[in-house]
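Enquirer: Take a look at the following structure, please.
2 protein chains.
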Amino acid sequence: MSPCQTYIDTLRSHGYRITPQREMIVEAIAHQGDHINADEVFAIIQERTHSVNIATVYRTLDLLVEQGLATRIDLGEGRVIYATDQHGTHIHLVCRQCGQVLDADPELLSAFNRQLQSDYRFAADLQHISVLGLCSDCQTN
Amino acid sequence: MSPCQTYIDTLRSHGYRITPQREMIVEAIAHQGDHINADEVFAIIQERTHSVNIATVYRTLDLLVEQGLATRIDLGEGRVIYATDQHGTHIHLVCRQCGQVLDADPELLSAFNRQLQSDYRFAADLQHISVLGLCSDCQTN
DNA sequence: TGGTTTGTTGCGACTATTCGCAATAGCAAC
DNA sequence: GTTGCTATTGCGAATAGTCGCAACAAACCA
Numbered sequence: 095m096s097p098c099q100t101y102i103d104t105l106r107s108h109g110y111r112i113t114p115q116r117e118m119i120v121e122a123i124a125h126q127g128d129h130i131n132a133d134e135v136f137a138i139i140q141e142r143t144h145s146v147n148i149a150t151v152y153r154t155l156d157l158l159v160e161q162g163l164a165t166r167i168d169l170g171e172g173r174v175i176y177a178t179d180q181h182g183t184h185i186h187l188v189c190r191q192c193g194q195v196l197d198a199d200p201e202l203l204s205a206f207n208r209q210l211q212s213d214y215r216f217a218a219d220l221q222h223i224s225v226l227g228l229c230s231d232c233q234t235n
Numbered sequence: 095m096s097p098c099q100t101y102i103d104t105l106r107s108h109g110y111r112i113t114p115q116r117e118m119i120v121e122a123i124a125h126q127g128d129h130i131n132a133d134e135v136f137a138i139i140q141e142r143t144h145s146v147n148i149a150t151v152y153r154t155l156d157l158l159v160e161q162g163l164a165t166r167i168d169l170g171e172g173r174v175i176y177a178t179d180q181h182g183t184h185i186h187l188v189c190r191q192c193g194q195v196l197d198a199d200p201e202l203l204s205a206f207n208r209q210l211q212s213d214y215r216f217a218a219d220l221q222h223i224s225v226l227g228l229c230s231d232c233q234t235n
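Chains as they are written, first to last, in the working numbering: chain B, 95 to 235; chain X, 95 to 235.
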């Protein structure tokens, strides 16, 4: 079964209605192997039809995140991207200079995560974490 | 010397012109011990005069950050706050449910920071970090 | 297949923030 | 104190994203 179909079925089984708009949005985000932002999803769909509103794209992406089928990653500086749950968890290192996004091993934060829970009783959602800084290229320049 | 005056002098010595608008914005952010957002700065100034534009507030806050006199903290979900450099560094734990912001010891991330530099050659700017999750109250509810 | 319910959509309005541009006003030199 | 240069401002327009609401259409039932 294609991943799209799994998402659609999950939505349906949770009582959500399956509309052509939702199908196209799910398809766009699932076929995109990597991260994607709302505008890119909208652009992909526009190639096929103009009958989907940008507000619907935002609403559907929110729904997918809410249902745990996708992740919203806030890169800071107003940049927000989405990825399906197929896309493994990792830390996003965002270069403040060139905008490049590096992926780092999420294991690096497991000790930090445990301490937040024990010292502050805070359950950190580290799927959503992104770290601003300078990449190696921009450090040398 | 008051902290405001230090900021003003630093700006002047870097060749920036000192306008009444800038003085009022610096005063607002410096007298506010804690974090503050652009709207709150604007509101404080509006109590005194209506002759400062919100665009100027944003521009001046950006300038202060650029000059290293203040920090912009992106809490995610569109929430951005500012603090002067007097406000010590710490990690911001943002509750996804109730919106509360807890401050955590920045030391918790020093090992992580070293590893980012050695493994990925990435110079993380941990002054800007904020972590989304659930506070203890919202976990029990 | 047709009717009913109500979740979803598109639209237009609204938010916060940014941007271009002409007018204004710091500040240095005289 | 005047003058001139140009950084800074206010304004209005543009941007991305959100929201309320009336119209529409999935999904279920007969």
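Heads up, the beta-carbon is just placed ideally off N, CA and C, and yes, glycines get one too.
For CYS232 of chain X, report the span of its alpha helix (DSSP H) as first-last.
Expert: By 1-based counting over the second sequence, the position of residue 232 of chain X is 138. First-last of the alpha helix (DSSP H) with CYS232 of chain X: 230 to 234.
Enquirer: With DSSP run on the structure shown, which of helix, strand or coil describes CYS192 of chain B?
Expert: Along the first sequence, read from residue 1 onward, the residue named residue 192 of chain B stands at position 98. Three-state DSSP puts CYS192 of chain B in coil, outside helix and strand.
Enquirer: Thinking C-alpha only, which one of B:ILE112, B:LEU226 and B:CYS232 is nearest GLY170 of chain B?
Expert: Position 76 of the first sequence, counting from 1, holds the residue named residue 170 of chain B. For GLY170 of chain B, the nearest C-alpha among the options comes from B:LEU226.
Enquirer: Taking the beta carbon of ASN207 of chain X as the centre, do at least 16 other beta carbons fall within 10 Å, making it buried, or is it exposed?
Expert: By one-based count along the second sequence, residue 207 of chain X stands at place 113. Classification of ASN207 of chain X: buried, given that the 10 Å Cβ count is 16 or more.
Enquirer: Does the pairing of the region 194 to 205 of chain B with the region 142 to 157 of chain B give three or more beta-carbon distances under 8 Å?
Expert: Segments in contact, no.
Enquirer: Could you check if ASP103 of chain B is buried or exposed, using at least 16 other CB atoms within 10 Å of its CB as the buried criterion?
Expert: Residue numbering aside, residue 103 of chain B sits at position 9 when the first sequence is read from its first letter. Result: exposed.
Enquirer: For CYS192 of chain X and CYS232 of chain X, I'd like the C-alpha separation in whole angstroms.
Expert: The count along the second sequence starts at 1 and reaches residue 192 of chain X at position 98. The count along the second sequence starts at 1 and reaches residue 232 of chain X at position 138. The straight-line gap from Cα to Cα measures roughly 7 Å.
Enquirer: Pick out whichever of X:VAL120, X:ILE123, X:SER224 and X:VAL135 has its Cα sitting closest to the Cα of HIS186 of chain B.
Expert: Here residue 186 of chain B corresponds to residue number 92 of the first sequence, with the count starting at 1. Closest option to HIS186 of chain B, Cα to Cα, is X:SER224.
Enquirer: Expressed to the nearest angstrom, what Euclidean distance is found between the alpha-carbon atoms of ILE112 of chain X and GLY172 of chain B?
Expert: The sequence position of residue 112 of chain X within the second sequence is 18, counting from 1. The sequence position of residue 172 of chain B within the first sequence is 78, counting from 1. The alpha-carbon atoms of ILE112 of chain X and GLY172 of chain B are separated by roughly 29 Å.
Enquirer: Under the three-state reduction of DSSP, which class applies to SER224 of chain X: helix, strand or coil?
Expert: Counted from its first residue, the second sequence places residue 224 of chain X at position 130. Of the three classes helix, strand and coil, the one that applies to SER224 of chain X here is strand, per DSSP.
Enquirer: Would you say GLN233 of chain X faces chain B, with C-beta separation under 8 Å as the test?
Expert: Residue 233 of chain X sits at position 139 when you count from the first residue of the second sequence. It does; some Cβ of chain B falls within 8 Å.
Enquirer: Within this structure, are the beta carbons of VAL159 of chain B and ARG166 of chain B separated by less than 8 Å?
Expert: In the first sequence, the residue the question calls residue 159 of chain B occupies position 65. In the first sequence, the residue the question calls residue 166 of chain B occupies position 72. Their beta carbons are under 8 Å apart, which means VAL159 of chain B touches ARG166 of chain B by this criterion.
Enquirer: Hey, how far is the Cα of ILE220 of chain X from the Cα of SER204 of chain X?
Expert: As a first step, residue 220 of chain X is located in the second sequence; it is residue number 126 there, counting from the start. As a first step, residue 204 of chain X is located in the second sequence; it is residue number 110 there, counting from the start. A small fix is needed here, since residue 220 of chain X is Leu in this sequence, not Ile. When rounded, the distance between both Cα atoms is 9 Å.
Enquirer: Over what stretch of residues does the alpha helix (DSSP H) that includes ASP128 of chain X continue unbroken?
Expert: The count along the second sequence starts at 1 and reaches residue 128 of chain X at position 34. First-last for ASP128 of chain X: undefined, no H or E at that position.
Enquirer: Hey, out of B:LEU202, B:ASP168 and B:GLN194, whose CA is closest to ARG190 of chain X's CA?
Expert: For the purposes of this step, residue 190 of chain X is taken as the residue at position 96 of the second sequence. Ranking the options by Cα distance to ARG190 of chain X, first place goes to B:ASP168.
Enquirer: State the DSSP-derived secondary structure class of LEU187 of chain X, mapped to helix, strand or coil.
Expert: For the purposes of this step, residue 187 of chain X is taken as the residue at position 93 of the second sequence. Strand, per DSSP.
Enquirer: Pull the bridge partners of THR178 of chain B from the DSSP assignment, please.
Expert: Within the first sequence, numbered from 1, the residue matching residue 178 of chain B stands at position 84. The partner list for THR178 of chain B (beta bridge, DSSP) reads B:ALA164.
Enquirer: Using the beta-carbon count (16 or more within 10 Å), is GLU121 of chain X buried or exposed?
Expert: Residue numbering aside, residue 121 of chain X sits at position 27 when the second sequence is read from its first letter. The residue is buried, with at least 16 neighbouring Cβ atoms inside 10 Å.
Enquirer: From B:SER230, B:ALA217 and B:HIS184, pick the residue whose C-alpha is nearest to that of GLN211 of chain X; which is it?
Expert: Taking the first residue of the second sequence as 1, we reach residue 211 of chain X at position 117. That would be B:SER230, whose Cα lies nearest to the Cα of GLN211 of chain X.
Enquirer: Using a beta-carbon distance cut-off of less than 7 Å, what residues from the region 101 to 125 of chain B approach chain X?
Expert: Within the region 101 to 125 of chain B, no residue qualifies.
Enquirer: From ASP128 of chain X to VAL135 of chain X, what does the alpha carbon distance come to, in whole angstroms?
Expert: Stepping through the second sequence from its first residue, residue 128 of chain X is reached at position 34. Stepping through the second sequence from its first residue, residue 135 of chain X is reached at position 41. Distance between the alpha carbons of ASP128 of chain X and VAL135 of chain X: 12 Å.
Enquirer: Leaving out five residues before and five after PHE216 of chain X in sequence, what residues of the same chain have Cβ atoms less than 7 Å from its Cβ?
Expert: Residue mapping note: residue 216 of chain X aligns to position 122 of the second sequence, counting from 1. Around PHE216 of chain X: LEU210.
Enquirer: Between the Cα of ASP156 of chain B and those of B:THR183, B:VAL174 and B:PRO114, spot the shortest distance and give me the residue it belongs to.
Expert: Mapped onto the first sequence, residue 156 of chain B falls at position 62. The shortest C-alpha separation from ASP156 of chain B is found at B:VAL174.
Enquirer: Could you pull the start and end residues of the alpha helix (DSSP H) that SER204 of chain B belongs to?
Expert: Along the first sequence, read from residue 1 onward, the residue named residue 204 of chain B stands at position 110. It spans 204 to 214 - the alpha helix (DSSP H) in which SER204 of chain B sits, taken as one unbroken run.
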